[in-house]
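Numbering (this note's numbering), first residue to last: 3 to 198.
Think of the CB as a built atom: it goes at the ideal place given N, C-alpha and C, for glycine as much as any other residue.
Following this line, the structure appears as structure tokens:
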């Protein structure tokens, strides 16, 4: 009887270890063909604040509403970017100020997230992410991916675009368009944004 009990315990231990290993190898999140997060569209408040609007959308989604003008104040070392009208010294390009509001994040450099990473961010980690395009003639534009879907073998992303100012736009683009297109290349992505 004691030998059978030891043998049973050993088998339970082996099967438990195999189960744990299979979960580790297979991953614990299998994204379906569609996923999205309810991210409020925040239009950019000036012609240059797509970066601040994108930062605002993500930080607000994560429970910390940070205004675009406050981000501009921190970015440009000012105290008057919340004035109306906004001073011209505050109307410049930039990147989200996540680190100045106690957020950690990862970035890509001149590269998009892979399709699997897009699905992982949206479905498994339940987080939107910011991405930017670099215009061929200089400058760029930042937006937020809030969802994805695969239809008839084609991958798409749902985007909150802060342009045009004070209006914004939500649309669906192919994943290939997110990666690059005529007149632009992929610039930086800000993902795995987490409050410390």
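- DSSP, read as helix, strand or coil, puts residue 132 in strand.
- Residue state for residue 102 is assigned as helix, using DSSP reduced to three classes.
- By the CB criterion at 8 angstroms, residue 155 and residue 37 fall outside the cutoff.
- Out of 131, 99, 44, the CA that lies nearest to the CA of residue 169 is found in 44.
- CA-CA distance, residue 110 to residue 188, rounds to 10 angstroms.
- Residue environment: residue 57 is assigned as buried (16 or more neighbouring CB atoms within 10 Å of its CB, all protein chains considered).
- Nearest in C-alpha terms to residue 140, of all of 104, 83, 95, 165, is 95.
- For residue 189, the enclosing beta strand (DSSP E) stretches over residues 186 to 197.
- Shown here for residue 88: same chain residues with a beta carbon closer than 6 angstroms to its own, the five before and five after excluded, namely 48 in chain order.
- Membership of residue 179 in the alpha helix (DSSP H) is indicated by the continuous run 177 to 181.
- By DSSP's assignment, residue 160 forms a beta bridge with 149, 174.
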